[in-house]
Amino acid sequence: MNNKMNTALALVLGCCLALSAQARDKRDYHEMVYDSGCKSCHDQGTKTYPSDGSCLQCHDIDELAKQTARSEEDKWQNPHNNLHYGKDLPCVECHGEHAPKKPICSNCHTFKFDKHKE
Amino acid sequence: MSNVDLLGRRNFIKGMGAAAGVAIATPAMAISEKADGVKWDKEVEVLIIGSGFAGLAAAIEATRKGAKDVHIFEKMSYFGGNSAINGGLFAAPGTPMQKKEGVQDSVDRMVADQMKSGRGVADEGLLRHVAEHAVEALQMTMDAGSEFHPYLQQLGGHSVARTYQTTVSCGAGITQPLYKECKRIGVKTHNRSKFEGFIIGEDGKVEGVKMREGYYFKEEDSGKVVYIRAKRGVIAATGGFAQNINLRMAQDPTLTSEVGCTNAPGATGEGMYEMFRIGAIPVHMAHIQSGPWASPDEGGFGYVSNYSIYNFPHSMAINRLTGKRFMNEIADRKTRADAELSCRDEKGEALPPILITSYKHSKKHPNTKKVIKYNVGWKFDTVEELAKHFEVPVKPLKAQIEEYNSYVKSGDDKQFGKNMTKAKDKFIEAPFTVVRLWPKVHYCQGGVQITTKAEVKDSFTGQPIKGLYAAGEVCGGVHGVSRLGSCSIPECMVMGMTAARSVMEA
């Protein structure tokens, strides 16, 4: 009887810890998406990454390119319509969901992307 | 494929007994597979591995020659490879701009320049083939929408001005138009698809490939393996191996991880390894070009590279420990790269040297503004200010500036024998612009041996391996010891087009 209760208690605590751990790897701006369930993004099952097109279910690349447009001199520094890959770079190359990520540009350049959330 | 039966090794291993067999079998398991018994998951007409200049040009040309089902497979999530991040410099003889500017040039002249640079061991047949078709490749880029600066440039080692440069001064000015053209004409492109081996037929012909679809770079178990049959042939356009530290150190032990790299992360050489596995001949693997113009303050090629290339002739490179020069600033790339690597502090740790230029002269290059803006270059009004920032001893530095300026005046560098022609009247004086220097591996002249039809030669027979073609930086021997600037794009594109023509004729 005591063993069973201890086991149950351990399981509950374990779940609480797991939830706490998961909470640290979530994005506050995606709260509503989480409420809808993992499949909102994980269109290939949760054992692998979402497809490259998953983000585009909700976000429009042309609209994003307009929002992050830069002045003529720096126009190709637009992260959503950049010199090297145009608008074809998969979102996950710069945006991590459950782990931090830096813009791919920082491999070679020291551009400032103030709004980018690592 | 070689006449030697690679699969026969398994029978040999069996005969050695269970214990030895188990130990030895592990490496043996990674071997090209025979086609009999393979269950193909899909079939394509022309199969191209790699999405840089060579792969894109091959896809367009194959389609123009009548191919109905052309596929490009790229292991990264994005297309373009190194081609999308290079300087966009395209050399060709007999171009429209040369005619307009009255520049006398020829295939013979371009080949002669390259043979000289290659120290006489470049492949003259291949260089001639590329030079003969370079204008066709340039036209392909223009047809696809590439735009170039309205002037020719004469890069180091070239005897005349023959180099076009994209208006964005980047290879993406070519890869993006070519990629869009591929889409327009119906070429199928597949990202996250890593080539993992050839499938060899009974007669040694390449029948197809093993491809890992859904691949995430550096996660080698990601995705799933499929077998793809290539009806006409496979074109390997997989680029160089500058990012493979183990391989480059095997060829040149000075190229440790301390030496950075200008290349895209995927330039690791596996495609080349697979060709060696089935018998391709390695050529010039140790001729690896490092850029002495690169900066430790930014990744890859960045902005400092072009800034330094422009300013080296009229600048002074300084060892920060001594405050003294340590090299001829326009010596060949290898000499300068090694000299930079030798700059160390008291503990032997790397101490990247600095390049000091008078702002009066550096400001003429557009990158000067950029290096300062992005904090990879600095501007100073006094020697003291400069010396303090980089912790250089002031007194020897001042003495060195005075000494160097005396060489500018006399035209004779008694320290390192630098050719002072281009430094004439360009004294080192305040205000100064300064960048830090540290070499980065830039280009691998080595790779697989090919014919002028882009066929891959087999080690044992000396004959082409049927069904397999290769183009671009994955090929070896083309440029010899040193590749001239702006000669990579014409090579990649011409040989990509050539591979396509060969595959369509086979």
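Top to bottom, those sequences are chains H and Z. Heads up: the first sequence runs through residues 1 to 118, numbered per full-length UniProt numbering. Heads up: the second sequence runs through residues 1 to 506, numbered per full-length UniProt numbering. We put the CB at the ideal spot given by N, CA and C, even for glycine.
{"Asked": "Residue environment, leucine 56 (chain H), which counts as buried when at least 16 other CB atoms sit within 10 Å", "Found": "exposed"}
{"Asked": "First through last residue of the beta strand (DSSP E) which encompasses isoleucine 309 (chain Z)", "Found": "No beta strand (DSSP E) contains isoleucine 309 (chain Z), which is instead part of the alpha helix (DSSP H) from 304–311."}
{"Asked": "Rounded separation between isoleucine 85 (chain Z) and lysine 440 (chain Z) - CA only", "Found": "15 Å"}
{"Asked": "Three-pair Cβ contact test at 8 Å for the region 94–106 of chain Z versus the region 101–110 of chain H", "Found": "no"}
{"Asked": "Residue from Z:Ile428, Z:Gly214 and Z:Gly496 with nearest C-alpha to lysine 453 (chain Z)", "Found": "Z:Gly496"}
{"Asked": "Chain-order list of residues whose beta-carbon lies under 6 Å from that of proline 393 (chain Z) (same chain, five-residue window excluded)", "Found": "Gly323"}
{"Asked": "Close-in-space but distant-in-sequence residues of the same chain around glycine 208 (chain Z) (CB under 6 Å, 5 per side omitted)", "Found": "Ile199, Ile228, Arg229 and Ala230"}
{"Asked": "Residue environment, asparagine 82 (chain H), which counts as buried when at least 16 other CB atoms sit within 10 Å", "Found": "buried"}
{"Asked": "Which of helix, strand or coil DSSP assigns to valine 408 (chain Z)", "Found": "helix"}
{"Asked": "Beta-carbon separation (whole angstroms), isoleucine 235 (chain Z) vs isoleucine 489 (chain Z), contact threshold 8 Å", "Found": "In fact, because the Cβ distance is near 17 Å, the residues do not count as touching under 8 Å."}
{"Asked": "C-alpha gap between tryptophan 293 (chain Z) and valine 33 (chain H), whole angstroms", "Found": "48 Å"}
{"Asked": "Buried/exposed call for histidine 71 (chain Z), threshold 16 Cβ in 10 Å", "Found": "buried"}
{"Asked": "Meets three-Cβ-pair contact criterion under 8 Å: the region 455–470 of chain Z and the region 420–432 of chain Z", "Found": "no"}
{"Asked": "Cβ-based burial, asparagine 246 (chain Z) [other Cβ within 10 Å; buried from 16]", "Found": "exposed"}
{"Asked": "For phenylalanine 427 (chain Z), the first and last residue of its enclosing alpha helix (DSSP H)", "Found": "Per DSSP, phenylalanine 427 (chain Z) belongs to no alpha helix (DSSP H) and is neither H nor E."}
{"Asked": "Residue span of the beta strand (DSSP E) that contains tyrosine 469 (chain Z), given as start and end", "Found": "464–470"}
{"Asked": "Histidine 190 (chain Z) - partner residues in DSSP beta bridges", "Found": "Z:Phe73"}
{"Asked": "Histidine 133 (chain Z) beta carbon less than 8 Å from that of valine 494 (chain Z)", "Found": "yes"}
{"Asked": "Whole-Å CB distance - serine 222 (chain Z) paired with methionine 211 (chain Z), under 8 Å assumed", "Found": "Contact doesn't hold; Cβ gap of about 13 Å is too wide."}
{"Asked": "Where the beta strand (DSSP E) through alanine 236 (chain Z) begins and ends", "Found": "224–236"}
{"Asked": "From Z:Asp297, Z:Ile428 and Z:Phe195, residue whose alpha carbon lies closest to that of lysine 373 (chain Z)", "Found": "Z:Asp297"}
{"Asked": "Chain H contact residues for cysteine 170 (chain Z), given Cβ-Cβ distances below 8 Å", "Found": "Leu83 and His84"}
{"Asked": "Cross-chain neighbours of threonine 110 (chain H) in chain Z, by beta carbon under 7 Å", "Found": "Glu298, Tyr374, Asn375 and Val376"}
{"Asked": "Contact set between phenylalanine 301 (chain Z) and chain H, taken where Cβ atoms lie within less than 8 Å", "Found": "Cys108"}
{"Asked": "Leucine 127 (chain Z) burial status per 10 Å Cβ neighbour count (16 or more: buried)", "Found": "buried"}
{"Asked": "Span of the alpha helix (DSSP H) around histidine 365 (chain Z)", "Found": "Unbroken run through histidine 365 (chain Z): none, as it is neither H nor E."}
{"Asked": "Within-8 Å CB hit, proline 90 (chain H) to chain Z", "Found": "yes"}
{"Asked": "Below-8 Å beta-carbon distance, tryptophan 77 (chain Z) vs any chain H residue", "Found": "Going by the sequence as given, residue 77 (chain Z) is serine instead of tryptophan. With 8 Å as the cut-off, serine 77 (chain Z) counts as an interface residue toward chain H."}
{"Asked": "Chain Z within 8 Å of glutamate 31 (chain H), Cβ atoms only", "Found": "no"}
{"Asked": "Neighbour list for tyrosine 216 (chain Z) in chain H, Cβ cutoff strictly below 8 Å", "Found": "Tyr49"}
{"Asked": "Chain-order list of residues whose beta-carbon lies under 6 Å from that of arginine 70 (chain H) (same chain, five-residue window excluded)", "Found": "Gln77 and Asn78"}
{"Asked": "CB contact below 8 Å: residue 512 (chain Z) versus chain H", "Found": "Not covered by the structure: residue 512 (chain Z). The range shown for chain Z is 1 to 506."}
{"Asked": "Three-state secondary structure assigned by DSSP to methionine 420 (chain Z)", "Found": "coil"}
{"Asked": "CB contact flag (threonine 104 (chain H), cysteine 94 (chain H), <8 Å)", "Found": "What sits at residue 104 (chain H) in the sequence shown is isoleucine, not threonine. Closer than 8 Å, so yes."}
{"Asked": "As assigned by DSSP and simplified to three states, the class of glutamine 22 (chain H)", "Found": "With a pLDDT of only 45 at glutamine 22 (chain H), under 50, the local geometry of the prediction cannot be trusted, and no value is derived from it."}
{"Asked": "Nearest-angstrom Cβ-Cβ length linking glycine 173 (chain Z) and threonine 166 (chain Z), presumed shorter than 8 Å", "Found": "3 Å"}
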